[in-house]
Amino acid sequence: MLFEERTGKILEFERVLAELHPVTPFGQKYRNEMTPFLPGQEEELLEELRRVDRVRELVENQRSVFVELRTAMRQLKDIRRSVERSMEGLSLTPVEFFELKNMAALFRTIVACIDQIHWKVPEDLRSKPMQWLEELLDPEKSGLKTFYVYDCYSEVLACVRNEKGKVEKTLELERKKIIKEIEEETGLSVRANGEITVSRSNGESLQLLKNHPLLVLSNETYINSTFKVKPNDTMLECTEQIECLKGDEAVEESAVLEELSKKTGERGAEILWNMDAIGRLDLLIAKAYHANTNKSVLPWLSPSGSIRITNGRHLLVEAGLRKKGKDYTSVSVSLNEGVALITGANMGGKTVSLKMIGLLQGMFQYGLLIPADDMETRLLRFIYVSAGDEQNIDQGLSTFGAEIKSINEALKKSVQGGLILVDELARGTNPHEGYAISAAIIEFLKKKPSFTVITTHFDGLVTEGVKHLQVKGLRNLDYTKLDNTSQISDFMDYNLIEIQGEVGIPRDALNISKIMGMPDEIISHAEWILARGEVE
Amino acid sequence: MKLVDLIFPQNRIVSIVGTSKNAGKTVTLNEIISQADEKGIALGLISTGRDGERRDVLTETDKPPIYVKRGTILTTVENAIKDDHAGIEILQVTNYNTPMGRVVLAKAREDGYVEISGPHSSASIRQMCVEMQRLGADLVLVDGSLDRRASAAPYISEGTVLATGAAMARNMGTVIDKTVHIVETYGIEPVEDLEARELARDIIEMGRVGIIDKDDSYRYLDMTTSLLSGREMAEEIDENTAYVVLSGSATAETLRSLLTSARGDYKIVVRDPTRIFISSRDLLILQRLGLKLRTVDSINIISITVNPYSPEGYYFDPEEFLKKMRQAIPQVPVFDVMQGG
């Protein structure tokens, strides 16, 4: 597992994966079962990334082919269970064969689309035409997409149906002949269902019908008598024959269905393989669409084993800002094994930058292109994030307790080579001890083969061998131009710069409080306290 | 003149609706099917779903199978396709789900019994009807389930055959009165002013309550349901109000509170007569209060069929019943399909 559920939640990784939209049930299954690539799988990951990038390019250049392909794919239904049932030797129903037949036709369209793509589509993505299945289910070669247990499946069936048809015709002719005779003799009209009803008060007609040799009383009420045509020997014989033939027909039909099921089952594995191949292609195309939507790029496997992100974007934050009509400032960052600290102004995007690093690394390991101008990294064993607001109420732990408990896991794993992201280390306790614990943790992680990034407000945590990144923040701001209608975000520079040597933590908290409208009285008092402290 | 001659070719989608259980709907349907067959009319059959009807536990069916001729297009459901029924060719498997499986469009390959069924919502029934026409049905018959009179809605069918019978009440006079009330309700006139009628259609499609003034200007009221909000509606009515348009149903309570709160010569408009739920007694009172009811779409009652027998064991004299029904409703042809013709 690349990361624990808790880290996944903080990164909102599920939400990013939910933006992948495969259109077939098979592709959706693959998406739900996606697993990350882990160290040792570099070759497989590179192949996957190259494929996504290739398809991304193709989607741009051959849009209409992909629209056609996805239209056909969208019509596929998940009839895996039917195929499996046929493989288990069970008999399928006509509705199931109807669906198989339609699927076979869709396979043909999909294969034709794949052939149009300007790419040597890898074997495992290339579904195969199923002419045998189409022929099996369209024995009359009518090209229709309907299904019926056709006569030509079995000579016996054709014979039985033919015979039944003949007998039914004989019966009908006989019935019509008799009805005609009755109508001529009685002058009364017989209804379409072969019945004739007279009022019992109409004694004359009643007597006539009662004594008629071709009629039999079928229903009697206080008011009416209903007669129906009395079947003669020919009719009785026909009816009996029809019943018998219907039985034969049903038996033969199920024999045909059984035979068709057997033939389908014998090659069922091919059908299932096709469904899987389409699922894989579908997910790949979904990744490519996702990459195009987010202007993502192909990441590189870093030769030096470090992490370098050029203008990376946190997709969810970016989408949120876009909705408000605001731009997202992309952030660049470069990390080596060991510890990097991010310091800087409040509201300077430290947390977002931290999460962005985790998200992009996660996307890389899930074989997705990266929303950045460039990214270079390597496969890591784990990603761990500890961020701000979580408080483990379930276990009755305070903010501090929850943080320490979870950070212990990360410390334990740090020898395996992973990404450890901690937002505001030891924020939940007194600054004095918090500082000491932080310094000790940094010292411990400095020598481990993992990438650790920590945001902090503590001064003096930067020691030899610790990288110091700082949010540019409000440093080029002319405060005289501000009024209380100003928005911090309009003046904030979210970029990170690397600081060499010892530099204090920037003092933006007062400025920000000022912009946000804290009373002057308080601000000036705070300034006075600060000034006094510095004098001392 | 036979029943089928009144139906076709004037109408292409026709619903058969019963005024009560055992009113003779299935007999009527079978009679139309066999008459249509004699005339060589290509039929499509659909039923307005199975919900609400009691199931026969023994046979797992809730409807008697219908005898169809080869070539008939029909709507059924997966689990109603059975070996001992007529052979059918599957034309389409739709995405509509029912407790009996998905809705399937099929074609009878031989004469025989089939079970017909259909999706639940009016919109999907309408869609299936159109689809069956596309597949070759010249006349589509919609078998309205018990108390699903909504299938008579003009939205679904162009015309309706109303089956009524002794099963509705023990007294012949009551059956006739109730039938007359249904026919009168169904016969409520559409809005005369064509422009206002289209405006009312728009308002109803928005699912809103609206008011159209005499100069054809209109406005929506700030309420989505017209149920029980008559008094609030009344506040918006003045001497310029020509129509009050209700997107939902018209019930006696709503209309009474509306009419007693706001007098005037405005008319009340509903989508179609199936949206009116007012007993004949209430209607009389409301009319004395000044009710003028109009619809956007009217229902075309093609014919009424009568069944003088009740399964409870009583019956009316067939000739008298037929005669009195014809006298009470002279504007619509009445048939007794049991008695032949």
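Protein sequences, first through last, are from chains A and B. Be aware that the first sequence starts at 866, since it is given in our numbering, and climbs by one per residue. Be aware that the second sequence starts at 890, since it is given in our numbering, and climbs by one per residue. From the three backbone atoms N, C-alpha and C, an ideal C-beta is built for every residue, glycine too.
Please state whether the Cβ-Cβ distance between residue i and residue j is less than 7 angstroms.
{"i": "residue 1195/A", "j": "residue 1173/A", "result": "no"}
{"i": "residue 1025/B", "j": "residue 1014/B", "result": "no"}
{"i": "residue 916/A", "j": "residue 1149/A", "result": "yes"}
{"i": "residue 1158/B", "j": "residue 1089/B", "result": "yes"}
{"i": "residue 919/B", "j": "residue 1054/B", "result": "no"}
{"i": "residue 1044/A", "j": "residue 1032/A", "result": "no"}
{"i": "residue 847/A", "j": "residue 1230/A", "result": "The question about residue 847/A has no answer, for chain A in this structure spans 866 to 1401."}
{"i": "residue 1185/A", "j": "residue 1359/A", "result": "no"}
{"i": "residue 1007/A", "j": "residue 1143/A", "result": "no"}
{"i": "residue 1335/A", "j": "residue 1209/A", "result": "yes"}
{"i": "residue 1151/A", "j": "residue 885/A", "result": "yes"}
{"i": "residue 976/B", "j": "residue 999/B", "result": "yes"}
{"i": "residue 1101/B", "j": "residue 1139/B", "result": "no"}
{"i": "residue 1150/B", "j": "residue 1108/B", "result": "no"}
{"i": "residue 930/B", "j": "residue 1032/B", "result": "no"}
{"i": "residue 1079/A", "j": "residue 1107/A", "result": "no"}
{"i": "residue 915/B", "j": "residue 1194/B", "result": "no"}
{"i": "residue 1044/B", "j": "residue 1011/B", "result": "yes"}
{"i": "residue 1221/B", "j": "residue 1190/B", "result": "yes"}
{"i": "residue 1197/A", "j": "residue 1176/A", "result": "yes"}
{"i": "residue 1134/B", "j": "residue 1099/B", "result": "yes"}
{"i": "residue 1207/B", "j": "residue 911/B", "result": "no"}
{"i": "residue 1126/A", "j": "residue 947/A", "result": "no"}
{"i": "residue 964/B", "j": "residue 932/B", "result": "no"}
{"i": "residue 1065/B", "j": "residue 1160/B", "result": "no"}
Suppose you measure from the CA of residue i to the CA of residue j; what does that come to, to the nearest Å?
{"i": "residue 1282/A", "j": "residue 969/A", "result": "48 angstroms"}
{"i": "residue 1387/A", "j": "residue 1397/A", "result": "15 angstroms"}
{"i": "residue 1118/A", "j": "residue 1026/A", "result": "11 angstroms"}
{"i": "residue 1187/A", "j": "residue 938/A", "result": "31 angstroms"}
{"i": "residue 942/B", "j": "residue 898/B", "result": "Residue confidence is low: residue 942/B scores 45 on pLDDT, short of 50, so the model does not pin down where it sits. No coordinate-derived value is stated."}
{"i": "residue 1037/B", "j": "residue 906/B", "result": "Confidence in residue 1037/B is poor, its pLDDT being 49 and thus under 50, which makes the residue's placement too unreliable to answer from."}
{"i": "residue 1390/A", "j": "residue 1248/A", "result": "44 angstroms"}
{"i": "residue 1310/A", "j": "residue 1223/A", "result": "18 angstroms"}
{"i": "residue 1219/B", "j": "residue 1192/B", "result": "11 angstroms"}
{"i": "residue 1109/A", "j": "residue 1097/A", "result": "18 angstroms"}
{"i": "residue 893/B", "j": "residue 970/B", "result": "28 angstroms"}
{"i": "residue 946/B", "j": "residue 974/B", "result": "Low per-residue confidence applies at residue 946/B: pLDDT is 38, beneath 50, and the placement is therefore not dependable, though the value from the model is reported in the following sentence. Cα to Cα, the separation comes out at about 19 angstroms."}
{"i": "residue 891/A", "j": "residue 934/B", "result": "35 angstroms"}
{"i": "residue 895/B", "j": "residue 1227/B", "result": "18 angstroms"}
{"i": "residue 1137/B", "j": "residue 1186/B", "result": "14 angstroms"}
{"i": "residue 1069/A", "j": "residue 1062/B", "result": "31 angstroms"}
{"i": "residue 1232/A", "j": "residue 1182/A", "result": "21 angstroms"}
{"i": "residue 942/A", "j": "residue 1141/A", "result": "13 angstroms"}
{"i": "residue 1297/A", "j": "residue 1385/A", "result": "29 angstroms"}
{"i": "residue 907/A", "j": "residue 895/A", "result": "20 angstroms"}
{"i": "residue 1169/B", "j": "residue 887/A", "result": "57 angstroms"}
Report back the beta-carbon spacing between residue i and residue j to the nearest angstrom; my notes put them in contact at under 8 angstroms.
{"i": "residue 1050/B", "j": "residue 902/B", "result": "Not quite, the Cβ-Cβ distance comes to about 12 angstroms (not below 8 angstroms), so this is no contact."}
{"i": "residue 1036/A", "j": "residue 1104/A", "result": "7 angstroms"}
{"i": "residue 972/A", "j": "residue 995/A", "result": "5 angstroms"}
{"i": "residue 1161/A", "j": "residue 1234/A", "result": "4 angstroms"}
{"i": "residue 1288/A", "j": "residue 1225/A", "result": "About 16 angstroms; that fails the 8 angstroms criterion."}
{"i": "residue 1128/B", "j": "residue 1153/B", "result": "6 angstroms"}
{"i": "residue 1250/A", "j": "residue 872/A", "result": "5 angstroms"}
Verify the contact flag: residue i, CB atom, against every heavy atom of the ligand MG, threshold strictly below 6 angstroms.
{"i": "residue 891/A", "result": "Judged by which ligands are present, the structure shown has none, so any question about the ligand MG falls away."}
field: Chain-ordered residues of the segment 1083-1105 of chain A with a beta carbon less than 9 angstroms from chain B
entry: Result list: 1086, 1087, 1088, 1089, 1091.
- prompt: Quick one, which residues of the segment 1193-1216 of chain B are near chain A if we go by CB-CB under 9 angstroms, in chain order?
  reply: When C-beta distances to chain A are compared with 9 angstroms, the residues of the segment 1193-1216 of chain B below that value are 1197, 1198, 1204, 1205, 1206, 1207, 1208, in chain order.
task: Starting from the N-terminal side, write out each stretch of the alpha helix (DSSP H) that is 4 residues or longer and does not extend beyond the segment 1357-1393 of chain A.
output: Secondary structure within the segment 1357-1393 of chain A: the alpha helix (DSSP H) runs of 4 or more consecutive residues, fully enclosed, are 1374-1380 (chain order).
field: Contact list for the segment 946-963 of chain A against chain B, Cβ threshold 9 angstroms
entry: Within the segment 946-963 of chain A, the qualifying residues are 958, 959, 960, 962, 963.
Chain-ordered residues of the segment 1045-1074 of chain B with a beta carbon less than 9 angstroms from chain A: The residues in question: there are none.
message: Beta carbons nearer than 9 angstroms to chain A: which residues of the segment 987-1019 of chain B have them?
response: Taking 9 angstroms as the Cβ-Cβ cut-off against chain A, the residues of the segment 987-1019 of chain B that qualify are 990, 991, 993, 995, 996, 998, 999, 1000, 1001.
- request: Quick one: which residues of the segment 959-972 of chain B get their C-beta closer than 9 angstroms to a C-beta of chain A? List them in chain order.
  value: Listed by position, the residues of the segment 959-972 of chain B near chain A (Cβ gap below 9 angstroms) are 967, 970, 972.
task: Quick one: which unbroken beta strand (DSSP E) runs of 3-plus residues sit fully inside the segment 1055-1133 of chain A? Chain order, please.
output: Along the length of the segment 1055-1133 of chain A, whole beta strand (DSSP E) runs at least 3 residues long occupy 1060-1064, 1080-1085, 1089-1094, reported in chain order.
message: Which complete alpha helix (DSSP H) runs does the segment 995-1022 of chain A hold, if anything under 4 residues is left out?
response: Runs of the alpha helix (DSSP H) inside the segment 995-1022 of chain A: 996-1002.
task: Please list the segments of the beta strand (DSSP E) lying wholly inside the segment 1171-1223 of chain A, counting only runs of 3 or more residues, in order along the chain.
output: Assignment of beta strand (DSSP E) within the segment 1171-1223 of chain A, counting only whole runs of 3 or more residues, yields 1172-1177, 1196-1200, 1203-1208 in chain order.
Chain-ordered residues of the segment 898-924 of chain B with a beta carbon less than 8 angstroms from chain A: The segment 898-924 of chain B vs chain A, Cβ under 8 angstroms: 919, 920, 923, 924.
- prompt: Got a sec: which bits of the segment 1030-1047 of chain A sit with their beta carbon under 8 angstroms from any beta carbon on chain B, in order along the chain?
  reply: The segment 1030-1047 of chain A vs chain B, Cβ under 8 angstroms: 1030, 1033.
message: In chain order, what are the residue ranges of uninterrupted alpha helix (DSSP H) at least 4 long that sit wholly in the segment 869-951 of chain A?
response: Counting only unbroken stretches of 4 or more residues, the alpha helix (DSSP H) elements lying wholly within the segment 869-951 of chain A are 870-876, 878-882, 890-897, 907-926, 928-939, in sequence order.
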